Amino acid sequence: MSNWILITGGSRGIGAATALRCAQAGWDVAINYARDAAAAEAVAAKVRALGRQALSLRADVADEAQVQALFSQLDAAGGRLAGLVNNAGIVAPAARLEAMTPARWRRLFDVNVVGTLLCCQQAAQRMSTARIGQGGAIVNLSSRAAEFGSAGIYVDYAATKGAVDTLTKGLARELITEGIRVNGVRPGVIETEIHADSGLDPQSVAATIPIQRLGRPEEIAEAIVWLLGDGASYTVGAILDVAGGR
Ligand code: NAP
Numbered sequence: 000m001s002n003w004i005l006i007t008g009g010s011r012g013i014g015a016a017t018a019l020r021c022a023q024a025g026w027d028v029a030i031n032y033a034r035d036a037a038a039a040e041a042v043a044a045k046v047r048a049l050g051r052q053a054l055s056l057r058a059d060v061a062d063e064a065q066v067q068a069l070f071s072q073l074d075a076a077g078g079r080l081a082g083l084v085n086n087a088g089i090v091a092p093a094a095r096l097e098a099m100t101p102a103r104w105r106r107l108f109d110v111n112v113v114g115t116l117l118c119c120q121q122a123a124q125r126m127s128t129a130r131i132g133q134g135g136a137i138v139n140l141s142s143r144a145a146e147f148g149s150a151g152i153y154v155d156y157a158a159t160k161g162a163v164d165t166l167t168k169g170l171a172r173e174l175i176t177e178g179i180r181v182n183g184v185r186p187g188v189i190e191t192e193i194h195a196d197s198g199l200d201p202q203s204v205a206a207t208i209p210i211q212r213l214g215r216p217e218e219i220a221e222a223i224v225w226l227l228g229d230g231a232s233y234t235v236g237a238i239l240d241v242a243g244g245r
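For the sequence shown, numbering that gives the first Met the number 0 gives the first residue as 0, with consecutive numbering after it.
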């Protein structure tokens, strides 16, 4: 029987690295994306080359109907949903408070927080031992920004990740009674394309990180896959900093 891991925003960066690491660990992988179908299909092809099933599924995680359709497509593929990685996330151009707009705040919260909630809701329905499920694991991508606050850069993005941490802790306690482990990962500064949207050069902060370099997507994927697996069977509501000491 297929054991699917659904990774939101799996077409590049941390999500793509997680997709490949999940395939190596023996899971089938559903790769969600928002815009770039070719990139998502390229990750799916690499998963298949590792001997696992793969799906690439378009959906804006901020849109309730699209999230419902995403999970319905996964249902149609058959098998069991074993895990969800809420990885899709956005930043916005670096700015101080006075230059920000409500539209920007709403989009950040819609994708990073409402998107995470919508996917948790759909996944829990399928994993819950109180319903049709056999249990499972959810990993939410936060950021070290949740603790630092990102003053002068994107306090709004940092606040979305603070919200993700809080709902990770709450959902962990709520859903563990139904066999679902919820945990979080807080990356530091990782070499991905996300930084192009902030207009910041991530290399400019490398020297301020105790380990003296940026992280690689594969180094975050390793933590995510551990939290998804049986090796983390007693780990519930943990938020793991993977940030080179930052
Ligand atoms: P990335 O390289 O920018 O990739 C983002 C992924 O999310 C892409 O696959 C993108 O798909 C997808 N996506 C964006 N908006 C979406 C939406 N509304 N619905 C569905 N998918 C959407 O990002 P990353 O750097 O790998 O970051 C992944 C996660 O880690 C994010 O939650 C981010 O906040 C967090 N994080 C990253 C860093 C870092 O330094 N990179 C640090 C801390 C935390 P398309 O390309 O098709 O749009």
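Heads up, the beta-carbon is just placed ideally off N, CA and C, and yes, glycines get one too. Keep in mind the model is a prediction, meaning the values are calculated, not measured.
Item	Value
How far does the alpha helix (DSSP H) with R103 in it extend, from its first residue to its last?	P101 to F108
Any idea if I4 is buried or exposed, counting beta-carbon neighbours within 10 angstroms, 16 or more meaning buried?	buried
For N250, tell me which candidate among D155, V60 and A102 has the shortest Cα-Cα distance.	The question about residue 250 has no answer here: the residues shown for the chain are numbered 0 through 245.
List the endpoints of the continuous beta strand (DSSP E) containing P186.	I179 to P186
Confirm, please, whether the CB-CB distance from Y153 to A91 is below 7 angstroms.	yes
Okay, do the region 225-244 and the region 116-131 touch, 3+ Cβ pairs below 8 angstroms being the bar?	no
To which residues of the same chain is T128 closer than 7 angstroms at the C-beta, ignoring the five residues directly before and after it?	G134, E177 and G178
Give me whichever residues DSSP pairs with W3 in a beta bridge.	D27 and L80
Does the beta-carbon distance from V113 to I223 come in below 7 angstroms?	no
Between the region 12-27 and the region 182-195, can you find at least three pairs of beta-carbon atoms closer than 8 angstroms?	yes
Hey, is the region 13-30 in contact with the region 54-68, meaning 3+ C-beta pairs nearer than 8 angstroms?	yes
Assuming N182 and A81 make a contact with CB atoms under 8 angstroms, what is their CB distance in whole Å?	With 8 angstroms as the limit, N182 and A81 do not qualify as a contact, their Cβ atoms being about 15 angstroms apart.
Just checking T167 against the ligand NAP - is the residue's beta carbon closer than 6 angstroms to any of the ligand's heavy atoms?	no
Where does L170 land, buried or exposed, given buried means 16+ other C-beta within 10 angstroms?	buried
At a threshold of 6 angstroms, does P209 count as lining the ligand NAP (C-beta to nearest heavy atom)?	no
Among all the DSSP beta bridges, which residues are the ones paired with D240?	R185
The ligand NAP and P186: does the residue's C-beta get closer than 6 angstroms to at least one heavy atom of that ligand?	yes
Can you find the residues in the same chain that come closer than 6 angstroms, C-beta to C-beta, to A247, ignoring five residues on each side of it along the sequence?	Past the boundaries of the shown model lies residue 247; the chain is included only from 0 to 245, so the question cannot be answered.
Give me the Cα-Cα distance between G214 and T167, rounded to the nearest whole angstrom.	23 angstroms
Buried or exposed for R105, going by 16 or more other Cβ atoms inside 10 Å?	exposed
May I have the straight-line CA-CA distance separating G77 from A43, to the nearest angstrom?	17 angstroms
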